[in-house]
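> Just dropping this structure here.
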Amino acid sequence: MTTASDTTVVRDLTFPQPPEAVWKALTDTNALAAWLMPNDIKPEVGHNFEFRGQAYGDWDGVIHCEVLESVPNERLVYTWASLGIETTVTFELTPDAGGTRVHFEQTGFDETQTQNKQGAEYGWNAFFQKLTEVLAK
Numbered sequence: 002m003t004t005a006s007d008t009t010v011v012r013d014l015t016f017p018q019p020p021e022a023v024w025k026a027l028t029d030t031n032a033l034a035a036w037l038m039p040n041d042i043k044p045e046v047g048h049n050f051e052f053r054g055q056a057y058g059d060w061d062g063v064i065h066c067e068v069l070e071s072v073p074n075e076r077l078v079y080t081w082a083s084l085g086i087e088t089t090v091t092f093e094l095t096p097d098a099g100g101t102r103v104h105f106e107q108t109g110f111d112e113t114q115t116q117n118k119q120g121a122e123y124g125w126n127a128f129f130q131k132l133t134e135v136l137a138k
């Protein structure tokens with residue numbers, strides 16, 4: 002079930018690929034760039050990395066992150082900081098009938114950041130569609 006609040010983006014997804022393939026798409030620099038943004042991720046706790054997108058308006062195109070948790074093929078948590086807003090992104094992977102269930106959350110928006118949260122929801126929907134396409138290749 003996918004639920005959300007005024008401060009959290011939540012998505013529950015199912016992929017036919019095994020957790021190892023989904024994990025690679027979340028943690029391999031090139032695989033992650035194929036569906037999200039260019040980055041320098043390493044799935045190691047304490048690693049600071051950046052996503053780099055197309056700058057527009059007040060946004061410089063950079064998202065600053067730090068890996069908080071990394072359990073291969075099971076759980077990845079990192080900070081997501083941009084435009085003065087710091088949130089936390091969590092991916093939980095569970096094997097499911099030969100595929101993988103992914104529970105995703107982006108937490109930490111406050112009640113005054115409705116537009117930012119709505120933008121995140123829109124962005125993640127597009128990113129997850131692209132992830133589906135990348136995993137299918």
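Number 138 marks the last residue of the sequence shown (the working numbering); no jumps. All residues carry an ideal CB built from backbone N, CA and C; glycine is no exception.
Which one of His104, Asn40, Asn117 and Gly124 has the shortest CA to CA distance from phenylalanine 16?
Taking only the C-alpha atoms, the option nearest phenylalanine 16 is His104.
> State the Cα-Cα distance for the pair leucine 27 and alanine 98, rounded to the nearest angstrom.
The straight-line gap from Cα to Cα measures roughly 20 Å.
> Cα separation between phenylalanine 92 and phenylalanine 50?
Rounded to the nearest angstrom, the two C-alpha atoms are 17 Å apart.
> Would you mind reading off the limits of the beta strand (DSSP E) that contains leucine 77?
Where leucine 77 is concerned, the enclosing beta strand (DSSP E) stretches over 76-83.
> When you compare only the Cα positions, how much space is there between methionine 38 and isoleucine 64?
Using only the alpha carbons, I get a separation of about 10 Å.
> Which of helix, strand or coil does DSSP assign to proline 20?
Helix.
> Tell me whether glutamate 45 sits in a helix, a strand or coil according to DSSP, three-state version.
Reduced to three states, the DSSP call for glutamate 45 is coil.
> Between the Cα of asparagine 126 and the Cα atoms of Trp81, Trp36 and Gly62, which residue gives the shortest distance?
For the residues Trp81, Trp36 and Gly62, the minimum Cα distance to asparagine 126 belongs to Trp36.
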